[in-house]
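Residue numbers (my numbering), protein chains in the order written: chain D, 3 to 76; chain W, 74 to 434; chain Z, 79 to 335.
For glycine and all other residues, C-beta sits at the position ideal for the given N, C-alpha and C.
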Amino acid sequence: MAKVKGDIEVDIEGCKGCEICIDACPVENTIAMSKNVNSKGYHYMELINDTCIGCANCAIVCPDGVITVYKARK
Amino acid sequence: MEKELRLMKGNEAIAEAAIRAGVDAYYGYPITPQSEVMEYLTEQKPEDRSGMIVLQAESEVASINMIYGAAGAGKRAMTSSSSPGISLMQEGLSYIAGAELPCVLLNVVRGGPGLGTIQPSQADYFQSTKGGGHGDYHLITLAPSSVQEMYDFLKISFELAEKYRNPAMILSDGAIGQMMEKVELDDPVSRRTEEEIINDFPWASTGKKNRERNIITSLELDPAKQEQINLNIQKKYREIEEKEVRFEKVQCDDADYLLVAYGTSARLCQETVKLARDKGIKLGLLRPITLYPFPSKEIATMVNDRVKGVVAVEMSSGQMIEDVKLAVNGKVPAEHYGRFGGMIPSPEKILEFLENQIMGG
Amino acid sequence: MEETKQDIKKPENLVYKKTDLMTDKTLSYCPGCGHGVIHRMAMEVIEEMGLEEETIGIAPVGCSVLAYEFMNVDMQQAAHGRAPALATGIKRVFPEKTVFTYQGDGDLAAIGTAETIHACNRGENITIIFVNNGIYGMTGGQMAPTTLEGMKSSTTPYGRDTKKMGHPLKMTELVATLPGTCYVTRQAVHKAAAVRKTKKAIKKAIEYQKAEKGTSFIEVVSNCSSGWKMTPVQANKWMEENMFPFYPLGDIKKPEK
């Protein structure tokens, strides 16, 4: 198992499923839209692999500020 | 100690009053016949005298919105203009009334409609007293009839505006703005400090220090809440109507007939009262000082008691007469007499109208 | 020892979190709209500079009319286009406060053109954040002064014909010619790097305001997926291909050292 570098926390109810975060993520297949929807009917973004590097690009471009990012310190 | 006396134009008197009343900002745009207000202020270097800011804006639209900003920040802010300029300010005034902010405006009224004339007029009565812009609101409206009152009403207007968090209008006209009379001046008071603003106006946008943020807005998208906001504003207006009516009565105690007139018209009507009394006609004059709130109750009482007929004299084609008729409520004849478009009625013609249309009728 | 996910979500590992100067209210903007990012960058700058107790923001009319619901500082809501006049009115009587306006292209470049140009020309020590998405978003996608030539909108359904409707207005280049402006720049928020640059620009602008250098003016070219009738990701791509060539990013004017 690869060493986990980063992780995110998503405010599911605040996410509007715009997918701009996916476009901004430098590591493919790390985040994706959930098949589920939140109470407003939006598919929300979620981490789908342990490949997050904690770069925070997704959170920075997120219009709704729903992503919190953590990165393991060496 | 005796008060300082000075011979001044009406427009200069109100400017001097602003410096002495602790006004923080004047934002204006030149227009005849009131440009002396800003000319006097800039000449006086109020920034040195009291710290008051004077800025010539790019338009009346900008100046009223500068007032909106400063008033929202709890500062004493004022502007002055004349009829066409006041028309341009209506959008901003509606926002200021909606956001419940205090400020003072001076309208040195000239003849209209349109560009009209630069001569004195009273044809902006509806615009001042009924709101003027969109939505349900009123301006607290005071009508000076002398240069001394141009001076005195500035301070009173700010006190009323701040007490009720509502814009106040000093509705003057080109004659009172331009005429020179002697004025008694008060000792200057200092402007509010930031601490005093925060204390007196906890709603003001001064920066959220030791409190939750303040929001100055007139927007509420939920109609139920917007109705409640309107109800609160209307409640305030009922209180103003109850408590703040001001008027002056001249020879009214035994009057069989009554003139109702404000500002320059009231000065002319004083002469008419004399002319009538010389002929044995018991004529009195009621001069509304506040046009909003209007002295309706006083007029109704006088009509019930003794008065047999009323003439509303205005330099308009008949605006205040509507409020007079509502107060008289059909009990006795009430008619309008006026000259307009910059013309001024003569005391003799006013008497002639009274004799022919009210007494003779 | 290998760290597990559980271990990483610790305060000391936090690298990015929405600033407390944004309220918890859900933003009223459409999915993917740049307004949210621009709001947040402005508030991050105010927070990092420690100015939240002395900042007064002015909200416009347009999509961001409710900006005061989301920015957790003292705010005033202006009449359409008049934000620079309000900001002037406040800044002149409270010169030590930090005052900014937040305006869209209809507000700033159409109905408020006079207020914008004259505040900039007087060199008011305020910061103007100008969001340009080339369209009237709130009223349903009508033509804005910044709508590109040939661009479709609900009032230019066959594309903007410059012979009939005039040319797209470059307000930012225009205000850069005025001696009152000290810092004029055009940025974007479609990519993480661009967002970081926008934040830097806002910070510089506020610093220049504090140094009383004059008006600082930041245009942010942004998207309107609803008005442009695209997905947010498509809209950002379209913006790069069509908006950026006409509205090129970068500093237009910087203060002399």
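Neighbourhood of residue i by C-beta distance below 6 Å, restricted to the same chain and skipping five residues each side
i      : result
Z:T255 : none
W:A88  : V110, Y113 and L114
D:G8   : C54, I55, G56 and K73
Z:V177 : I134, A165, I168, K169 and I204
Z:T194 : P162 and L186
W:Q324 : V346 and G357
Neighbour flag for residue i against chain D, beta carbons, 7 Å
i      : result
Z:Y146 : no
Z:N301 : no
Z:C111 : yes
Z:P310 : yes
Z:Y94  : yes
Z:G114 : yes
Z:K87  : yes
Z:N211 : no
Cβ neighbour criterion (16 or more within 10 Å) applied to residue i
i      : result
W:R284 : exposed
W:M253 : exposed
W:A297 : exposed
W:M74  : exposed
W:Q307 : exposed
W:H207 : exposed
D:M3   : Because the pLDDT at D:M3 is just 49, under 50, the model does not fix this residue reliably, and the value given afterwards should be weighed accordingly. Exposed.
W:Y102 : buried
W:D396 : buried
W:G158 : buried
Z:A222 : buried
D:E21  : buried
W:D225 : buried
Within-7 Å CB hit, residue i to chain W
i      : result
Z:F172 : yes
Z:D98  : no
Z:D102 : no
Z:E285 : no
Z:A187 : no
Contact set for residue i: own chain, Cβ-Cβ below 8 Å, skip 5 residues either direction
i      : result
Z:I280 : M119, A120, V123, T205, I207 and I296
Z:P109 : S303 and P310
W:Y330 : A349, I354, K355, L356, G357, V380, K381, G382, V383, V384, L427, I431 and M432
W:I92  : L114, Q117, P119, R122, S123, M125 and P261
D:I33  : I10, C23, I24, C27, M47, E48, L49, I50, C54 and C60
Z:I284 : V123, I124, M127, L129, T176, F178, T205 and S294
W:G187 : P157
Minimum Cβ-Cβ distance from residue i to chain Z less than 7 Å
i      : result
W:N272 : no
W:M162 : no
D:T70  : yes
D:G43  : no
W:E116 : no
D:N59  : yes
D:C62  : Inspection of the sequence shows that residue 62 of chain D is occupied by Ile rather than by Cys. Yes, because at least one Cβ of chain Z sits closer than 7 Å to the Cβ of D:I62.
W:R286 : yes
W:T290 : yes
Own chain partners of residue i with C-beta closer than 7 Å, once the 5 adjacent residues on each side are dropped
i      : result
Z:F324 : L226 and P246
W:L424 : T345, L348 and A349
Z:F148 : M100, T101, K103, L105 and H117
D:K5   : none
W:G391 : H409 and G411
Z:K335 : none
Counting pairs of Cβ atoms below 8 Å between the segment 155 to 173 of chain W and the segment 289 to 298 of chain W, do you hit three or more?
yes
Given a limit of 7 Å on CB to CB distance, which residues of the segment 235 to 253 of chain W reach chain Z?
none
Going along the chain, which residues of the segment 86 to 98 of chain W sit with their C-beta nearer than 9 Å to a C-beta in chain Z?
D97 and A98
The segment 228 to 243 of chain Z / the segment 174 to 184 of chain Z touching (three or more Cβ pairs under 8 Å):
no
To be precise: take each residue of the segment 267 to 279 of chain Z, compare its Cβ to all Cβ atoms of chain D, and keep it if any distance is under 8 Å. Which residues remain?
V267, H268, K269, A270, V273 and R274
When you check each C-beta in the segment 293 to 305 of chain W against every C-beta of chain Z, which residues fall closer than 9 Å?
L294
Give, in chain order, every residue of the segment 12 to 41 of chain D whose Cβ lies closer than 7 Å to some Cβ of chain Z.
G16, K18, G19, C20, E21, I22, D25 and A26
Quick one: any contact between the segment 365 to 379 of chain W and the segment 88 to 95 of chain Z, if contact means 3 or more CB pairs under 8 Å?
no
Counting pairs of Cβ atoms below 8 Å between the segment 58 to 66 of chain D and the segment 80 to 88 of chain W, do you hit three or more?
no
Examine the Cβ distances between the segment 135 to 154 of chain W and the segment 266 to 282 of chain W and report whether three or more of them are shorter than 8 Å.
yes
Selection of the segment 142 to 167 of chain Z by Cβ proximity to chain W, strictly under 9 Å:
V143, L144, Y146, E147, M149, N150, V151, D152, M153, Q154, Q155, A156, A157, H158, G159, R160, A161, P162, A163, L164, A165, T166 and G167
Quick one, which residues of the segment 115 to 144 of chain Z are near chain W if we go by CB-CB under 7 Å, in chain order?
E130, E131, E132, T133, I134 and V143
How about the segment 314 to 334 of chain Z and the segment 137 to 157 of chain Z: do they share at least three Cβ pairs that are nearer than 8 Å?
no
Could you say if the segment 130 to 143 of chain W and the segment 150 to 170 of chain Z meet the contact criterion of at least three C-beta pairs nearer than 8 Å?
yes
Name, going along the chain, the residues of the segment 118 to 136 of chain W whose beta-carbon falls closer than 8 Å to a beta-carbon of chain Z.
I126, L128, A130, E131, S132, V134, A135 and S136
When Cβ atoms are compared, which residues of the segment 176 to 208 of chain Z fall closer than 7 Å to chain W?
A192, E193 and H196
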